[in-house]
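Colleague:
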Amino acid sequence: MKKFAKKLLVLAAVLALSAFLLTGCKPKNERALFEYAGEEVTFQEAHIYARIMQYQAEEQYGSYLGSDMWSLQVGTDSNGDKITMEQSIKNSVVEQLKQIKVLNGHADDYDVKLSKTEKNEIKENVKTLVDTDSGKKIMEETEADEEAIRKLYEESTLASKVMQAIVDKAKVSVSDEEAKTVKVYKLVFTTKKTDSKTGKEKNMTDKEKQDQMKKAKSALSALKEGESASAVASKFGVSNDSGEESYTKGKSELGEKFEEAAAKLKTNDISSILTLDDGYVIIKMINPNDKESLEDSKTTLLQEKQQEAYNKVYKKWTKDADKKWDDEDSVDQDLWDEVEFTYEAATEKNTTESDNSDSSSKTTTEAKTTEKK
Numbered sequence: 060m061k062k063f064a065k066k067l068l069v070l071a072a073v074l075a076l077s078a079f080l081l082t083g084c085k086p087k088n089e090r091a092l093f094e095y096a097g098e099e100v101t102f103q104e105a106h107i108y109a110r111i112m113q114y115q116a117e118e119q120y121g122s123y124l125g126s127d128m129w130s131l132q133v134g135t136d137s138n139g140d141k142i143t144m145e146q147s148i149k150n151s152v153v154e155q156l157k158q159i160k161v162l163n164g165h166a167d168d169y170d171v172k173l174s175k176t177e178k179n180e181i182k183e184n185v186k187t188l189v190d191t192d193s194g195k196k197i198m199e200e201t202e203a204d205e206e207a208i209r210k211l212y213e214e215s216t217l218a219s220k221v222m223q224a225i226v227d228k229a230k231v232s233v234s235d236e237e238a239k240t241v242k243v244y245k246l247v248f249t250t251k252k253t254d255s256k257t258g259k260e261k262n263m264t265d266k267e268k269q270d271q272m273k274k275a276k277s278a279l280s281a282l283k284e285g286e287s288a289s290a291v292a293s294k295f296g297v298s299n300d301s302g303e304e305s306y307t308k309g310k311s312e313l314g315e316k317f318e319e320a321a322a323k324l325k326t327n328d329i330s331s332i333l334t335l336d337d338g339y340v341i342i343k344m345i346n347p348n349d350k351e352s353l354e355d356s357k358t359t360l361l362q363e364k365q366q367e368a369y370n371k372v373y374k375k376w377t378k379d380a381d382k383k384w385d386d387e388d389s390v391d392q393d394l395w396d397e398v399e400f401t402y403e404a405a406t407e408k409n410t411t412e413s414d415n416s417d418s419s420s421k422t423t424t425e426a427k428t429t430e431k432k
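Basically the numbering used here = 1-based index in the sequence shown + 59.
#1: Rounded to a whole number of angstroms, what is the C-alpha to C-alpha distance between A322 and A380?
#2: Within the same chain, show all residues whose beta-carbon is closer than 8 Å to that of T143, passing over the 5 residues directly before and after it, in chain order.
#3: Tell me the DSSP secondary structure of T82 in three-state form.
#4: Is it the case that the CB of I159 approaches a heavy atom of the ligand GTP more closely than 7 Å?
#5: Does the beta-carbon distance from V291 to K220 come in below 8 Å?
#6: Measure the Cβ-Cβ separation of L434 and E213 and say whether it is below 8 Å.
#7: By Cβ distance, which residues of its chain are closer than 6 Å to K274, with the 5 residues on each side in sequence left out?
#8: Would you mind listing the beta strand (DSSP E) stretches within the region 110-183 that are 3+ residues and don't spill past its ends, in chain order?
#9: Residues bridged to M344 by DSSP?
#10: May I ask which residues mark the beginning and end of the alpha helix (DSSP H) holding T334?
#11: Is it buried or exposed, S151, if we count other Cβ atoms within 10 angstroms and call 16 or more buried?
#12: Would you mind reading off the limits of the alpha helix (DSSP H) that contains K251?
#13: In three-state DSSP terms, what is T326?
#14: Suppose the cutoff is 6 Å on Cβ atoms and the five residues either side in sequence are ignored; what does the same chain contact list for K261 look like?
#15: Could you please give me the residues that DSSP links to T101 through a beta bridge?
#16: Reducing DSSP to helix, strand and coil, say where S232 ends up.
#17: Return the CA-CA distance between K195 and D396, expressed in angstroms with no decimal places.
#18: Quick check on the burial criterion: 16 or more other C-beta atoms within 10 angstroms. Buried or exposed for Y123?
#19: Alpha carbon to alpha carbon, what distance is there between L217 and K375?
#20: Between the region 99-112 and the region 148-163, do at least 3 Cβ pairs fall closer than 8 Å?
#21: Just confirm the distance between the C-beta atoms of S126 and E403, as a whole number of angstroms; I'd bet it's less than 8 Å.
#22: Figure out for me which residue from G97, S330, T250, E304 has the closest Cα to the Cα of L338.
#23: Taking Q362 as the reference, give the member of D227, V161, K175 with the closest Cα.
#24: Rounding to the nearest angstrom, what Cα-Cα distance links L162 and E200 in this structure?
#25: I'd like to know whether the C-beta atoms of A238 and L360 end up nearer to each other than 8 Å.
#26: Can you tell me whether K87 is buried or exposed? The criterion is at least 16 other CB atoms within 10 Å of its CB, across all chains shown.
#27: Any idea if T357 is buried or exposed, counting beta-carbon neighbours within 10 angstroms, 16 or more meaning buried?
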């Protein structure tokens, strides 16, 4: 019996060793959290990045979101399940690290490197970070040294340089004609409504549409009689889509038919009632060529074109990787679940306790001083 028990213990030890070997003998910080496009991201890399983003968010939002900030819902996933602020940050960490690793992997394609000056600046920035309270907490919680944090900073900086190199090579530009900005006031009488049972949008009944058209006709008469667009909008209870809108060609919220009608108007002109897919619309032209908005429009359009140029290259690099990627299965969720965010907001109770503690300490000191006298 003893021999049998001994054999069982030996077998258990062998099985435990086998399991250990199968899961890998690497320390947790060196284990892969995920792999993407042939690039591996370790748990520690993601953990450092997550903590940096955590403390930045807490500094920015903690004072008014309070202690529950990380459990607050900020959206829903494809299944309609709640996404908390913590999950949102962690999802962002994964997406950003995927991008950083891919861009670093293609740095040689654009002959991009970090200069000695950039490396020295990063080194100084890391030293500054690790001397702060947040930096000390990051190092303690992630078991990282300055070298690990510096590496992450360098990769992030290099990724930004590769991104810029892609944009520079594309040589995109925006003309004044492309950036020409039209400014209008639109009154929208919707022909859609929300189903109270399903919560989905549906068409109004013919009777309801007739009522909306009647309102639109009355509103048009009021505008032609000289009432302001905002006053008319308030009087007739128009849709939330109403109000001022500035747009460049092809960018109006209400589409091509709306833009074509607006293009026929001069300053202060009022259109007839347009029938669009979602409602009846009246346009009052404020400025058919808002030159004050030209430079802002050029900047916005240029950024959009640059983003499109970058996306085109990046998607080409990651096309195969994206086919294999699954948000849930591609990440070691058990490992990633070990990263949790907590935030303790300053409360009136904490402040009072601190004040009482200071007062008590002061009283004790005064008493001791009196005794000595």
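We treat Cβ as the ideally placed atom computed from N, Cα and C, and that holds for glycine.
Modeller: The structure says:
#1: Residue mapping note: residue 322 aligns to position 263 of the sequence shown, counting from 1. Residue mapping note: residue 380 aligns to position 321 of the sequence shown, counting from 1. So the alpha carbons of these two residues sit roughly 45 Å apart.
#2: Along the sequence shown, read from residue 1 onward, the residue named residue 143 stands at position 84. Within the same chain, T143 has close Cβ partners W129, S130, L131, Q132, V133.
#3: The count along the sequence shown starts at 1 and reaches residue 82 at position 23. Residue confidence for T82 is low, a pLDDT of 48 falling below 50, so the modelled location carries little weight; the figure read from the coordinates is stated next. In this structure, T82 counts as helix in the three-state DSSP scheme.
#4: Only the bare structure without any ligand can be found here, which leaves the ligand GTP out of the picture.
#5: As a working note, residue 291 is residue 232 in the sequence shown. As a working note, residue 220 is residue 161 in the sequence shown. In this structure, K220 does not lie closer than 8 Å to V291 by Cβ.
#6: Here the chain comprises residues numbered 60 to 432, so residue 434 is not present and cannot be evaluated.
#7: As a first step, residue 274 must be located in the sequence shown, where it is residue number 215. Once the five neighbours on either side are set aside, the close Cβ partners of K274 are F248, F295.
#8: Within the region 110-183, the complete beta strand (DSSP E) runs of at least 3 residues fall at 132-135, 141-143.
#9: Sequence index remark: in the sequence shown, residue 344 carries index 285 (1-based). According to DSSP, which records beta bridges pairwise, M344 is partnered with V243.
#10: Along the sequence shown, read from residue 1 onward, the residue named residue 334 stands at position 275. No alpha helix (DSSP H) contains T334, which is instead part of the beta strand (DSSP E) from 333-335.
#11: The sequence position of residue 151 within the sequence shown is 92, counting from 1. Exposed, since its Cβ has fewer than 16 Cβ neighbours within 10 Å.
#12: Start at 1 with the first residue of the sequence shown, and residue 251 comes out as number 192. For K251, there is no enclosing alpha helix (DSSP H); the enclosing beta strand (DSSP E) covers residues 251-253.
#13: Taking the first residue of the sequence shown as position 1, residue 326 is located at position 267. Reduced to three states, the DSSP call for T326 is coil.
#14: Within the sequence shown, residue 261 is the residue found at index 202, counting from 1. The beta carbon of K261 is closer than 6 Å to those of D254 in its chain, skipping five residues each way along the sequence.
#15: In the sequence shown, residue 101 corresponds to position 42, counting from 1. In the DSSP output, where bridge partners are listed per residue, T101 has A91.
#16: Numbered from its first residue, the sequence shown carries residue 232 at position 173. In the structure shown, S232 sits in coil (DSSP, three-state: anything other than H, G, I, E or B).
#17: Reading the sequence shown from its first residue, position 136 is the one you call residue 195. Reading the sequence shown from its first residue, position 337 is the one you call residue 396. Computed Cα separation, rounded: 22 Å.
#18: Translated into positions along the sequence shown, residue 123 becomes position 64. Under this definition Y123 is an exposed residue.
#19: In the sequence shown, the residue the question calls residue 375 occupies position 316. In the sequence shown, the residue the question calls residue 217 occupies position 158. Whole-angstrom Cα-Cα distance: 20 Å.
#20: Yes: at least three Cβ pairs fall under 8 Å.
#21: Along the sequence shown, one-based indexing puts residue 126 at 67. Along the sequence shown, one-based indexing puts residue 403 at 344. With a beta-carbon spacing of about 6 Å, S126 and E403 fall inside the 8 Å limit used to define contacts.
#22: Sequence index remark: in the sequence shown, residue 338 carries index 279 (1-based). The sequence given here has Gly at residue 338, not Leu. Minimum Cα distance to G338 is reached at T250.
#23: Your numbering for residue 362 matches position 303 in the sequence shown. The shortest C-alpha to C-alpha distance from Q362 to any of D227, V161, K175 is the one to D227.
#24: As a position in the sequence shown, residue 162 is number 103, starting the count at 1. As a position in the sequence shown, residue 200 is number 141, starting the count at 1. One alpha carbon belongs to L162, the other to E200, and they sit about 28 Å apart.
#25: If you number the sequence shown from 1, residue 238 lands on position 179. If you number the sequence shown from 1, residue 360 lands on position 301. For A238 and L360, yes; Cβs fall inside 8 Å.
#26: Looking up residue 87 in the sequence shown gives position 28. With fewer than 16 Cβ atoms within 10 Å of its Cβ, K87 is classed as exposed.
#27: If you number the sequence shown from 1, residue 357 lands on position 298. Note that residue 357 is Lys in the sequence shown here, rather than Thr. That one is buried.
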